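K.L.:
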Amino acid sequence: MGDKRNSYLVNTVSAETSFTKDDDSDLSFADKPTNDGIRFADGERKDGVSVPGRARRRLSFHSLNRDDDLFTIRERVQPDVVLPAVFKTISHEVETRSEHQTELDPTASKFAGITYHTDDPEKLVVDFGTDVTYGLSSAQLVARRKEFGPNVQSKPPSRLLKKIFMYFFGGFGGLLLTGGILCIVSWKPLGNPDPAIANLILGIILLFVFLFQAMFNFFQDFSSSRVMDSIHNMIPVETLVVREGNFEQVDSKILVPGDIIKFGTGVKVPADIRIVEASPDLSFDRSILTGESDAVPATYRSDPLHSNYLESNCIAMQGTFVVGGSGKGIVVATGDHTIFGTIAKLTSEPKKGLTPMQWEILRFVLMTTSIIVALVVLIIILWCAWLNKDHKGWLTVSGLIVDIVAVAVAFIPEGLPIALTTCLIITANQMRKSKILCKTLSTVETLGSVSVLCFDKTGTLTRNNMTVTDVCKGDDEDSVAELKSQVSGETEFTDALTTHFLTICSLCNDATVSKNGSLNGNATDKAVFTYSDSIMPKWELEQKWSSRFQIAFNSKDKYMANLLDANSSFQMPEKTWSQIGIELPLGQEENFSLLTVKGAPDILLKRCTSILQRDGDDRVVVQNLDDQILDKIRTIQQKWSREGKRVIMLTSKMVQPSTIDFTDRFSATERLREELSDGMTLVGMLGIEDPPRKNIDTVISRLRDAGVKIVMITGDFELTGLSIAKQVGIVTGNVDTYQDVIVAATKEPVSNDDTPIPRAVSIVGSDLNTLTEDEWSRVVRYEELVFTRTTPEQKLMIIKQFQKHKHVIGMTGDGINDSPSLKQADIGISLIDASDIAKEASDIILMNNTGAEDELFNSIIDALEYGRLVFENLRKTIGYLLPAGTYAELWPVLMNVIFGMPQMLLSFLMIIICCITDCAGAIILAYESSERNLLQKKPRSVTKEKLVDWKLFLHSYFTIGTYYCFTSFMVAFLNLTRRGYKFSDFSLSYGTYEDLPDVEDYINMSSSIYFVNLVIMQLFNLFAMRTRYLSMFQHLPMKNKYLFAVVPITLGVTFIVNYIPAIHSALGTAQVPVEYYFIAVGFGAVVLVYDELRKWYNRKHPNSFLAKIAW
């Protein structure tokens, strides 16, 4: 069997891997590039194993060299920048469920209920009806293929029909299409035997506007990314599987649960596999799911009960790579049921819910549609009950249909979707020029509603330029200057405690020096390295010590460990040990290793039972850690923390390496964790200062004046976090604690009170999971909040709680662990130099990376101001469109139907106003700058200010709109009276005026005069609508250089419509005598003067009745 198996392997060439025979191993797997699926850049791990590298993400919006790059180009998005945010979010929720029985969403609940990783392999073999040696039988394979289907990710429904439907019928699309069809039907056949060509033209125009709006809706949705196109090809082509006792190379698509899989180095895992056999060095690259490139050690041992399935070391996850060792396992999930498949499916789901602006637009559409329906019903009732009886022949069925369409055409602001979308595009382009990139249009308007901004401390509120300022060796404080002076000069250094201290600083450290001399690593490690290397170079310590095994730092454990061996090739081991103050019996030096640990004091101090102290000038002694010394250590720690310094503790322990199997990395990690859980020796502490950013207190004050609540979320010690919060102005008064919240929530009855609490509160991460809903309701009401010692899971919990209480949340982040919070927040904000995964999860990317200390916050303030400005300009846009585009167009139709007068504004001219002349002015309003400090207003989510409210209706409809109607009707009938007709000839005539001589031509002229009057008055209204508070002389028109371009455009449109003979005959327009242009200018001047006087009075009397009803 063995010879047959090896012969088979040698002769099998997979599209995914090739297998080679080595001298020192039974079987090894060598990676071979594939020609299909996703292309990966070549990469190499730290351990030298060549693996497929992470795909480079091409984001068009990261380029600063192209002026036309506004949004993401519709492209294939690499899974390794999309999946990790979703994976970590679900993993955090499962982790929370594992520790606290909380309700989960369906996906997290699914993974929380899986026990494959905690069950014994023997139980799984029985449950899946398989055999580790024999595998599945042919009969089992057939049955399971029918039950589980192929091992492929099913592509999500394209929802193409739904998208197309919404492109066309979202907003006013349905009304426009219906109107267009009805107009064409009214032309023929209802218009026979004398069809009116104007009805056909109107129908065509309405259909054109219908298609034009659909195009704009499509453009707005065009920026969505494509993930599943890349994910679908992520599964390896072939896999080595045990079937009926034989190893077979089979298509991965036909794998089923219960199959026994053999895998080795370089193999891409084809399904979710429970490992049952593993070589000691088995490890996986899970970066496709987690975003973290470090190899994850694997084992066949079961996890503890209630552990997180998504973080299990005994599960080989589909889509990940084997980067070391080999193993065998049972397939436990295939296709969409795998972790990879489930996460991939979630990334392709559309974002649920509407943005604040989308709700506002929907509300306005529903209001407008309701009014139109009510008017249509009223006209139909009047026609049935009165007009068709008393004035038979005045309004035929086709005429009724045309009038109904005319009502819709008149009252629908057809140019609104175009103007709104263009306004958002213009604002997004202005933000891009300010190095603020919005990935979607909806992000632009959501910014104005942000009521809470959550910041990390390090690198955001502070400079991320850490420096060691204080040290404590044993229980003795030393200044950095004193310690450096002790080792200066050319004399041999003999202080064993300091050498021990610096050995941990330098060698239990992930900071590295690149070839060009730059220092790489996290800010804390770089600060510690810089300090220690300036006293005793790292290369000198590396000659004495070599690293045997490392445990990397993570946000949950909050420590890093490195197991060191004395290097006998440099000097005698006993000398190396003695230089750090440890004397071992002769010959025992190589039987021990030094376990060095660097981490958080609140984690490590309770694991220490002794302390290293000076015993004379050059000797050290290990003493028991009694209460007196503990109190002294805690006092030093708290003093440094109150000064805003991060405190790092250094500990060590003697370990016998012979008791640890280092060939099994997973087992070695667990053993070392056991070793450092107790019996550690305290060596010292470091105080690291990370000063606040320049002028950050001023920036925080500006944000607070803007009504934005600032929340600091940090993993630092509570006293450190509070100290920085006070320095930067986040905390300005008394600080409540977790206990204060509990007591207050107990005393106060449960209510919907959302009154802000004018104090600060500080809550430690360990207390967050115990807060009840009532207590959370109280926490979010505090005006100043600081969360310390938080994990990524708790950061996500904080975001969700604020959202649950109706806040609109902005979140800053730059790391992989920040991606769940960035994705969950209403507005995720990242920097251009953040990780690809953080940028993919965020909504806004701040691209100004000049290095200025205050650029981050200044960019955020600019972004908030733009978000509020776009709301102001959209409100002005709607206010500008309503008087002429709806109200003044509606009354000619109602006067025609109800009072039997000629329709003084043709439906065609209504379309011209809405889609051309008004639209031009509305688009120009998007370029308006702020007329006052928008950061002194409260967010819309707090003030509940609406995009369209009764105040705006009062101004646009009943004030300006009524004036428009009166003056336009006046000049229209003035023209008729000057032609010899009387007003009584038309009022309540119900068609009798049609017998008057040449009346049709003069009615067409009056319609054109009505049109010109509206267009010119709107030019003056455009200047008036530029400001809501200031005079046009305070906010000069010259600030908007595009404003004056509207005048020739709109006048040019009136000339084209009214003075080209071909259009006269086709559409029923006529030449307008020049005096009516001057009359319209006079009427328009009245609009501008009225608005100037209104705003002047409101500025002088801000508490008056007129000021309170001002829009």
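If you read the sequence shown in the working numbering, its first letter stands for residue 250, the second for the next number, and so on.
Glycine is no exception: its CB is placed at the ideal position from the N, C-alpha and C atoms.
Given the structure is predicted, the values throughout are model-derived calculations rather than measurements.
#1: Cα separation between D316 and R681?
#2: Can you tell me whether S926 is buried or exposed? The criterion is at least 16 other CB atoms within 10 Å of its CB, across all chains shown.
#3: With distance defined between alpha-carbon atoms, name the residue in D1023, E1194, H1056, S1068 nearest to K1044.
#4: Using the three-state DSSP reduction, which class does S1318 fall into: helix, strand or coil?
#5: Enumerated in chain order, which unbroken segments of the alpha helix (DSSP H) with a length of 4 residues or greater are wholly contained in the stretch 868-939?
#6: Can you find at least 3 beta carbon pairs, one from the stretch 1004-1018 and one from the stretch 941-949, that sit closer than 8 Å?
#7: Where does I809 sit, in a helix, a strand or coil, going by DSSP?
#8: How would you call D1082, buried or exposed, if buried means at least 16 neighbouring beta carbons within 10 angstroms?
#9: Looking only at C-alpha atoms, which of Y558, I1173, K1088 sits nearest to L1130?
#10: Rounded to whole angstroms, what is the Cα-Cα separation between V1338 and N1270?
#11: When DSSP builds the beta bridges, which residues end up paired with M1060?
#12: According to DSSP, is Y1212 helix, strand or coil?
#13: On the three-state DSSP scale, how would you describe D380?
#14: Determine the direct distance from the alpha carbon of L861 to that of T900, and round the result to whole angstroms.
#15: Please classify A527: does DSSP put it in a helix, a strand, or coil?
#16: Could you tell me which uninterrupted alpha helix (DSSP H) segments, each at least 4 residues in length, are contained entirely in the stretch 1091-1169, listed from first to last along the chain?
#17: With a Cβ-Cβ cutoff of 7 Å, do M566 and I588 count as a contact?
#18: Whole angstroms are fine: how far does the CA of T367 sit from the CA of T913?
#19: What's the C-alpha gap between E739 and T748?
#20: Just verifying my parser: in three-state terms, what is the DSSP assignment at N284?
#21: Looking at N1253 and G1317, is the spacing between their C-beta atoms short of 7 Å?
#22: Looking at G568: is its Cβ nearer than 7 Å to the Cβ of S532?
#23: Could you pull out every residue in the same chain whose Cβ sits closer than 8 Å to the Cβ of R1181, ignoring the five residues on either side in sequence?
#24: In the DSSP assignment, find the beta strand (DSSP E) that holds A1009 and state where it starts and stops.
#25: Is the beta carbon of L665 less than 7 Å from the beta carbon of L690?
#26: Quick check: what's the CA-CA separation for E609 versus T695?
#27: Three-state secondary structure (DSSP) at K295?
#28: Which residues does DSSP list as the beta-bridge partners of P941?
#29: Using DSSP's beta-bridge definition, name the partner residues of T1037.
#30: With H, G and I counted as helix, E and B as strand and the rest as coil, what does DSSP make of M961?
#31: Could you please give me the residues that DSSP links to P546 through a beta bridge?
#32: Taking the straight line between their C-alpha atoms, what separation do you get for I457 and G422?
#33: Could you say if the stretch 1035-1050 and the stretch 950-965 meet the contact criterion of at least three C-beta pairs nearer than 8 Å?
#34: Can you give me the C-alpha to C-alpha distance between S1190 and R1275, rounded to a whole angstrom?
#35: Do the CB positions of T711 and D939 come within less than 7 Å of each other?
#36: So what does DSSP say about N495, is it helix, strand or coil?
P.N.:
Inspection of the coordinates gives the following:
#1: A caution first: D316 carries a pLDDT of 38, below 50, which makes its placement in the model too unreliable to give a value.
#2: S926 comes out exposed.
#3: Looking at D1023, E1194, H1056, S1068, the one whose alpha-carbon comes closest to that of K1044 is S1068.
#4: A quick correction: the sequence has Thr, not Ser, at residue 1318. Coil.
#5: 876-891, 914-924
#6: no
#7: It should be pointed out that residue 809 corresponds to Met in this sequence rather than to Ile. Correct three-state label for M809: strand.
#8: exposed
#9: I1173
#10: Computed Cα separation, rounded: 10 Å.
#11: Beta-bridge pairing links M1060 to C703, G1077.
#12: helix
#13: coil
#14: Approximately 9 Å, taken between the alpha carbons.
#15: Three-state DSSP puts A527 in a strand.
#16: 1104-1131, 1137-1148, 1156-1161
#17: yes
#18: Contrary to the premise, residue 913 reads as Asp rather than Thr in this sequence. Roughly 20 Å separates the two Cα atoms.
#19: Note on E739: pLDDT 42, under 50, position unreliable in the model; no value is reported.
#20: For N284, the pLDDT reaches just 33, beneath the cut-off of 50, and the residue's location in the model is therefore unreliable, although a value from the coordinates is still provided. It is coil, neither helix nor strand.
#21: yes
#22: no
#23: Y1278, L1279
#24: 1006-1013
#25: no
#26: 11 Å
#27: Because K295 sits at a pLDDT of 39, beneath the cut-off of 50, its placement in the model cannot be relied upon, and the following sentence gives the value as read from the coordinates. Coil at K295, not helix or strand.
#28: T711
#29: V1013
#30: strand
#31: S532
#32: According to the sequence provided, residue 457 is Phe. The question's Ile does not apply to it. So the two alpha carbons sit approximately 11 Å from each other.
#33: yes
#34: 24 Å
#35: yes
#36: strand
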